[in-house]
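Student: There's a structure below that I have some questions on.
4 protein chains.
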Amino acid sequence: MTHKEDKRELIKDKSLILFSERGFEATSIRQIAQASNINIAMISYYFGSKEHLLEEIIKDKLGVIKLYEKDIIFNNNNSEQNLEIFIKNLIEKFIQNTAFYNLLHSELVIKQRVFSGETYYTVKQHNEAILQKIIASGIAEGLFRLTPTISVIQAFIIGPYINFILNRRYYSNIAEPGTDDSFDRYIRDVLVPNIIKSTISLLK
Amino acid sequence: MTHKEDKRELIKDKSLILFSERGFEATSIRQIAQASNINIAMISYYFGSKEHLLEEIIKDKLGVIKLYEKDIIFNNNNSEQNLEIFIKNLIEKFIQNTAFYNLLHSELVIKQRVFSGETYYTVKQHNEAILQKIIASGIAEGLFRLTPTISVIQAFIIGPYINFILNRRYYSNIAEPGTDDSFDRYIRDVLVPNIIKSTISLLK
Amino acid sequence: MTHKEDKRELIKDKSLILFSERGFEATSIRQIAQASNINIAMISYYFGSKEHLLEEIIKDKLGVIKLYEKDIIFNNNNSEQNLEIFIKNLIEKFIQNTAFYNLLHSELVIKQRVFSGETYYTVKQHNEAILQKIIASGIAEGLFRLTPTISVIQAFIIGPYINFILNRRYYSNIAEPGTDDSFDRYIRDVLVPNIIKSTISLLK
Amino acid sequence: MTHKEDKRELIKDKSLILFSERGFEATSIRQIAQASNINIAMISYYFGSKEHLLEEIIKDKLGVIKLYEKDIIFNNNNSEQNLEIFIKNLIEKFIQNTAFYNLLHSELVIKQRVFSGETYYTVKQHNEAILQKIIASGIAEGLFRLTPTISVIQAFIIGPYINFILNRRYYSNIAEPGTDDSFDRYIRDVLVPNIIKSTISLLK
DNA sequence: TATGAATGAGAGTTCATTCAT
DNA sequence: TATGAATGAACTCTCATTCAT
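If you read the protein sequences in the order shown, they are chains X, V, Y and W.
Going by my numbering, the first sequence opens with residue 1, and the numbers climb by one from there.
Going by my numbering, the second sequence opens with residue 1001, and the numbers climb by one from there.
Going by my numbering, the third sequence opens with residue 2001, and the numbers climb by one from there.
Going by my numbering, the fourth sequence opens with residue 3001, and the numbers climb by one from there.
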């Protein structure tokens, strides 16, 4: 049982990497089988089809990128501090699941895909609700003014990060040559503080 | 002569739409041939291969999205006004070339692609140089402080927009139901002013 | 013990139906396993292979379609009456084993099949021997003349019936709409009397 | 043009033989490609799919097995003579298209096939109409009585023949060992006269 | 220059069977 | 004895490309 589950998970892990690196269409099940060191028939055997494999990966990972209110909103913080935690946690989710977000963004561009984005939007809305709560508190505290809608605010949190990873090679030259670690550190140390600053400016 | 050029252009136009909608790999030359009402052999004949067709499309369009300093920096404006013009013009380029940017972002995610991004980065750097000049003037005028690097600033201009179009369906519900026109209008009327506000805040 | 035998029989029953409806090649062991509510591995386990399963089904059913002299030839009947009983009994066997005969005829067409027809021909010859006896008696009684060979006679008994079931849908419209029962009744009431009439005419 | 048509026809000819010998499902497009000395991709290229190839073969051959009234009914013949010509012509069509009829009978057994038999029944009905006309004349001439329906009569013409070819190996021993020619001769010389005799007996 | 015909390679999937327990 | 897991082989079909004219 667990043996089977191990292989299933292995296939999904390897597939996610390949899908994110080469795209779904450009990745063949033969490549997945080779990377996972399994027989090509196993993909159909376990998942039914390549498309179902994709769907299962997305469904799985959507659960992982959910934020939890208890980790973000603290009673002894003011709303600005909570907003800071929200942004840091959100970006951290992205950093920890870069491959998945790459895949997700590829898929979001494609119109014809079975994955319509609906399930992703549910998670997006869930996270947005927490942000909503923080901003509402901030307004009550007199710290924020409600200027743009929540969804627009969210674009200013996630957008700069997405732009960064989409242009990873471009920014690598700017940050430090080479390693992924230094790139992630640059995001945490330079990008995130500016995202926080920018976001607060929009709420003032 | 011009007849041939017409067909070449037609193929590129139709390909761009298909590539942006379905992705490069998922688009077959048969689909392109059908959409362009030409023989399948023509794509290889004209462009050498499907991959070369993609490269030519990208090379062509990169020229189109270049900004020109004379359209943006005016002597009788202060730097904040120029920055505003820069942002508006840049986003307008995006809006006018949505299909191309969709394709570009798909391709940027893919590691193995022949298209390395180099040529794109040249254009990106060209546009960045204009922004650089505006900010330098602003600092000289005492309006701006150089806090983050230019490249980071650029992420805050383009990022929110990218986030918007990637989640087009998500935001459609928020903006107005349906038409592409209303979506673009929302970008111009709501998103862009906030981008301007956010960017300036980072420079203060 | 009997439990195992039950499953074996179940598999054979379900297989016969599927083979006759879809053909041997077009029936997968997965379909059989599903229809029989057993594990896929069971077919190979019990029968060795799909082909052996087919052979066993045919071997089994060949026993069922054997006629017995004692049921057909009665001393107090004349040969014409015995011939009538022979034909009725033979066709009744067909009606009672429609699925099997469908399968048999499919297989007889195929040249390359392992099932060579030899075993079937043994049964066919067995039944023919009874017919032979009846006709011989008829000649002795002065009722029949031996015109065509026995085998040719048999073709005029079985042939019209085979033609009927092969064109079942065609004849359904002619007979009565729909049910299998009404179709079988038509065979018994209309076809069989004509077969008898035709056969006797050939022997006169 | 003709070159292409030649290959198309070659593929259909070879496919018909293979289908009739091994069955549709058991024949792979590789086997067809090899027998036709063409690339396997050609089957899809020319016919769309293996199934469409089958359909085209059936459609083609259905045209060939049509009888023409002018070849059968002559004014200076009586109805019995015309019936004799009808039977001879019909069986001759079968003999000339044995492979096709083998295939047809395989397909008629299968329920799930796309080929539903409808088109075949149209041809069957067409030929039946000619028989109908002959019998009607025969009744008018006082030669025949209308006993069973036309469709039943047809079963007594075609049935014995079908039974013969289905049990070809069985009857080979009876006729002459071996060659197809001697088998066909046996049908013409022995079977057909008996079919005529049997049919007339049913009409008296 | 232009194109219908043709091709080899590879795609995803399903097959009957065997393995390990 | 019984079965879920796993496999290699084969399946049909589509791919981008090239050939022949």
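All C-beta atoms, glycine included, are put in the ideal place defined by N, C-alpha and C.
Taking the alpha-carbon of glutamate 1055(V) as reference, which of Lys1133(V), Leu1103(V), Phe1094(V) and Asn1082(V) has the nearest alpha-carbon?
Tutor: Leu1103(V)
Student: Suppose you measure from the CA of glutamate 80(X) to the CA of serine 1106(V); what does that come to, to the nearest Å?
Tutor: 35 Å
Student: Can you tell me where the alpha helix (DSSP H) with proline 160(X) in it begins and where it stops?
Tutor: 150-166 is the span of the alpha helix (DSSP H), which, as asked, contains proline 160(X).
Student: Under a Cβ-count criterion, where at least 16 other Cβ atoms within 10 Å of its own Cβ denotes burial, should tyrosine 2120(Y) be classed as buried or exposed?
Tutor: Only buried fits tyrosine 2120(Y), as 16 or more other CB atoms lie within 10 angstroms of its CB.
Student: Nearest chain X C-beta to glutamate 1005(V) closer than 9 Å, yes or no?
Tutor: Not one chain X Cβ lies under 9 Å of glutamate 1005(V).
Student: Buried or exposed: glycine 159(X), going by 16 or more other Cβ atoms within 10 Å of its Cβ?
Tutor: buried
Student: To the nearest angstrom, how far is it from the Cα of asparagine 3039(W) to the Cα of lysine 2111(Y)?
Tutor: 26 Å
Student: Hey, which unbroken runs of the alpha helix (DSSP H) at 4 residues or more fall wholly within the stretch 3057-3124 of chain W?
Tutor: 3079-3096 and 3098-3109
Student: Leucine 203(X) by DSSP, collapsed to three states: which one?
Tutor: helix
Student: According to the Cβ coordinates, are isoleucine 3165(W) and isoleucine 3087(W) closer than 9 Å?
Tutor: no
Student: Count the other CB atoms, across all protein chains shown, that sit within 10 Å of the CB of lysine 1066(V); report buried if there are 16 or more and exposed otherwise.
Tutor: Classified as exposed, lysine 1066(V) has fewer than 16 neighbouring CB atoms from the shown chains inside 10 Å of its CB.
Student: By Cβ distance below 8 Å, which residues in the same chain neighbour lysine 2012(Y) in space, the five residues on each side in sequence not counted?
Tutor: Leu2053, Glu2056, Ile2057 and Asp2060
Student: What distance in whole Å lies between the Cβ atoms of serine 2198(Y) and leucine 3202(W), which are believed to be in contact at a cut-off of 8 Å?
Tutor: 6 Å
Student: Under 8 Å between beta-carbons, which chain V residues line up against lysine 124(X)? List them in chain order, please.
Tutor: Asn1167 and Tyr1170
Student: Rounded to the nearest angstrom, what separates leucine 2131(Y) and arginine 3169(W) at their Cα positions?
Tutor: The straight-line gap from Cα to Cα measures roughly 20 Å.
Student: Determine the DSSP secondary structure at arginine 2145(Y), reduced to helix, strand or coil.
Tutor: coil
Student: Quick one: list the residues of chain V neighbouring serine 201(X), beta-carbon separation under 9 Å, in chain order.
Tutor: Lys1197, Ser1198, Ile1200, Ser1201, Leu1202 and Lys1204
Student: Ordered along the chain, which non-local residues of its own chain (more than five positions away) have a Cβ less than 7 Å from that of tyrosine 101(X)?
Tutor: Phe94
Student: In terms of residue numbering, what span does the alpha helix (DSSP H) encompassing arginine 2185(Y) cover?
Tutor: 2180-2186 is the span of the alpha helix (DSSP H), which, as asked, contains arginine 2185(Y).
Student: Quick one: what does DSSP say phenylalanine 19(X) is sitting in, helix, strand or coil?
Tutor: helix
Student: Below 7 Å on C-beta distance, what does serine 2106(Y) contact in chain W?
Tutor: When 7 Å is used as the limit between beta carbons, serine 2106(Y) is near these residues of chain W: Ser3106 and Val3109, in chain order.
Student: Assuming serine 3028(W) is part of the alpha helix (DSSP H), what are its boundary residues?
Tutor: Serine 3028(W) -> no alpha helix (DSSP H), and no H or E assigned at all.
Student: Leaving out the 5 sequence neighbours to the left and right, which residues in its chain are closer than 7 Å to lysine 50(X) when beta-carbon positions are compared?
Tutor: Excluding sequence neighbours, lysine 50(X) sits near Ile29 and Ile43.
Student: Can you tell me whether valine 1039(V) is helix, strand or coil according to DSSP?
Tutor: Residue identity differs from the one stated: residue 1039(V) is asparagine in this sequence, not valine. Three-state result, asparagine 1039(V): coil.
Student: Since phenylalanine 1164(V) meets chain X, which of its residues come closer than 7 Å, beta carbon to beta carbon?
Tutor: Ala155
Student: Assuming asparagine 167(X) and leucine 1062(V) are in contact, meaning their beta carbons sit under 8 Å apart, how far apart are those beta carbons, in whole angstroms?
Tutor: The Cβ separation is near 14 Å, so there is no contact.
Student: For asparagine 102(X), go through chain V and note every residue whose CB falls closer than 8 Å to its CB, in chain order.
Tutor: Against chain V, the beta carbon of asparagine 102(X) has neighbours under 8 Å at Val1109, listed in chain order.
Student: Can you list, in chain order, the residues of its chain whose CB lies under 6 Å from that of asparagine 2037(Y), leaving out five sequence neighbours each side?
Tutor: none
Student: Give every residue of the same chain whose Cβ lies closer than 8 Å to the Cβ of phenylalanine 3150(W), excluding the five residues on either side of it in the sequence, and list them in chain order.
Tutor: Before going on, a small fix: residue 3150(W) reads as isoleucine here, not phenylalanine. By the criterion of a C-beta distance shorter than 8 Å, isoleucine 3150(W) is surrounded in its chain by Glu3128, Leu3131, Gln3132 and Ile3135, once the five residues flanking it on both sides are discounted.
Student: According to DSSP, is serine 1198(V) helix, strand or coil?
Tutor: helix
Student: Can you find a C-beta in chain W that's less than 9 Å from the C-beta of serine 2182(Y)?
Tutor: No, its Cβ sits nowhere closer than 9 Å to a Cβ of chain W.
Student: Which of the three DSSP states, helix, strand or coil, is assigned to glycine 138(X)?
Tutor: Here DSSP, grouped into helix, strand and coil, assigns glycine 138(X) to helix.
Student: Which residues in chain Y sit within 9 Å of isoleucine 3057(W), going by Cβ to Cβ distance?
Tutor: Residues of chain Y passing the Cβ test: none, with the nearest at roughly 16 Å.
Student: Can you round the beta-carbon distance between aspartate 3157(W) and leucine 3090(W) to whole angstroms, since I take them to be within the 8 Å contact cut?
Tutor: In the sequence as displayed, the identity of residue 3157(W) is isoleucine instead of aspartate. Correct: roughly 6 Å between the Cβ atoms.
Student: Measuring only the C-alpha atoms, how far is methionine 1001(V) from alanine 1033(V)?
Tutor: Reliability fails at methionine 1001(V), whose pLDDT of 46 lies under 50, so the model's placement of it is uncertain and the value that follows must be treated cautiously. C-alpha separation (whole angstroms): 20 Å.
Student: Can you tell which of Val3064(W), Phe3144(W) and Asp3006(W) has the C-alpha that lies nearest to the C-alpha of alanine 3099(W)?
Tutor: Val3064(W)
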